[in-house]
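Asker:
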Ligand SMILES: [Fe+2]
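In the numbering used here, the protein residues as written are 25 to 383.
This is the structure:
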């Protein structure tokens with residue numbers, strides 16, 4: 025079975041949709057160049073060069089699809105997970121190899137499994153071969169020198185100090201999160217295809233089915249979009265959670281897991297920039313049977329004695345965003361307070377183990 029052409033066709037379709045000619049050309053060079061380096065490195069290490077090539081082809085698809093490099097490795101692994109499941113041409117073990125390599129490829133300062141390392145080395149080698157200015161962060165330099173040694177490429181060793189990382193990541197701020205949510209919610213965005221702001225809110229979900237799946241169910245996607253714009257680093261799906269951040273339940277589980285979840289009582293007063301998770305606020309006749317209690321969410325703008333002012337997407341399932349006054353009663357489940365300067369960290373997650381539950 026010719027598997028590489030099937031994957032190439034999938035990747036080409038994504039790259040062809042990049043609007044800028046220069047970015048499109050760079051994407052082709054990068055995807056195919058890294059794939060070729062993967063293949064050579066895998067051959068040398070007596071690994072499966074086809075699987076390595078495929079991981080190289082797929083490794084940056086999320087960045088090409090969304091135009092954003094933010095958590096593109098982790099989100100890209102989830103995008104590829106859905107895509108290669110639909111291709112139905114890989115065994116579960118092969119899927120794990122491909123997806124794990126994509127997931128970890130940004131962590132070049134760490135050492136992971138054999139195929140994960142092939143992709144990291146391939147991207148590093150390709151950057152070296154493709155540019156005279158060695159467009160590498162300083163942390164890649166020891167890795168590059170190792171690869172040059174392994175392939176007996178004789179060049180003057182690149183010095184550690186030669187290239188310092190220059191990109192400064194924006195830090196998450198709750199106040200900015202609330203400002204963005206307030207501004208967007210006040211636009212009364214309608215969840216339709218012809219609404220560019222809405223399409224921007226749901227752009228993180230790569231599958232063609234995303235629009236229909238999020239129809240009248242985009243409150244959590246609204247929160248995710250505002251959080252990303254406020255500088256948070258969060259992939260669309262984070263191990264160990266089963267669902268993406270487009271679901272209210274994932275915000276709740278993630279908040280609990282990180283110690284960010286609070287209940288409205290004398291020890292905790294909700295404030296601007298908290299995420300509110302509602303408790304059965306949707307009336308039973310409008311809810312599917314056996315649906316969970318956490319059925320809606322929004323971003324708190326202020327707390328005024330018995331009421332909250334909240335910025336929400338899909339207010340009251342009316343497919344529109346807005347700012348609404350909510351009573352602090354039993355319909356309030358809990359709050360997620362993300363600390364300022366929150367840093368995403370998946371260093372301790374075992375992605376391969378996690379894949380056995382979602383693959
Ligand atoms: Fe990448």
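We treat Cβ as the ideally placed atom computed from N, Cα and C, and that holds for glycine.
What span of residues does the beta strand (DSSP E) with residue 35 cover, start to end?
Answerer: First-last for residue 35: 27-40, but that is the alpha helix (DSSP H), not the beta strand (DSSP E).
Asker: Does the pairing of the region 312-321 with the region 216-223 give three or more beta-carbon distances under 8 Å?
Answerer: Result no; under three Cβ-Cβ pairs closer than 8 Å.
Asker: In the region 86-132, which residue ranges form an unbroken alpha helix (DSSP H) of at least 4 residues, counting only runs that do not cross its ends?
Answerer: 96-111 and 116-128
Asker: Can you tell me where the alpha helix (DSSP H) holding residue 203 begins and where it ends?
Answerer: 198-209
Asker: According to DSSP, is residue 186 part of a helix, a strand, or is it coil?
Answerer: Residue placement at residue 186 cannot be trusted, given a pLDDT of 47 that sits under 50; the coordinates are not used to answer.
Asker: Consider the C-beta atom of residue 102 and the heavy atoms of ligand 1; say whether any pair is separated by less than 6 Å.
Answerer: no
Asker: If you check the beta carbons only, do residue 26 and residue 379 fall under 7 Å apart?
Answerer: no
Asker: For ligand 1, any of its heavy atoms closer than 6 Å to the Cβ of residue 298?
Answerer: no
Asker: So, with DSSP's three-state summary, where would you put residue 381?
Answerer: helix
Asker: Given residue 349, which residues of its chain have a CB within under 7 Å of its CB, disregarding the five upstream and five downstream residues?
Answerer: 331 and 333
Asker: Quickly, what does DSSP pair residue 321 with across the bridge? List them, please.
Answerer: 301
Asker: DSSP state of residue 332, grouped into three classes?
Answerer: In the three-state reduction of the DSSP assignment, residue 332 falls in the strand class.
Asker: Once the 5 residues before and after residue 358 are set aside, which same chain residues still bring their CB inside 6 Å of it?
Answerer: 285, 287 and 301
Asker: With a 10 Å radius around its C-beta and 16 neighbouring C-beta atoms as the bar for buried, classify residue 203 as buried or exposed.
Answerer: buried
Asker: How many Å lie between residue 372 and residue 309 at the Cα?
Answerer: 42 Å
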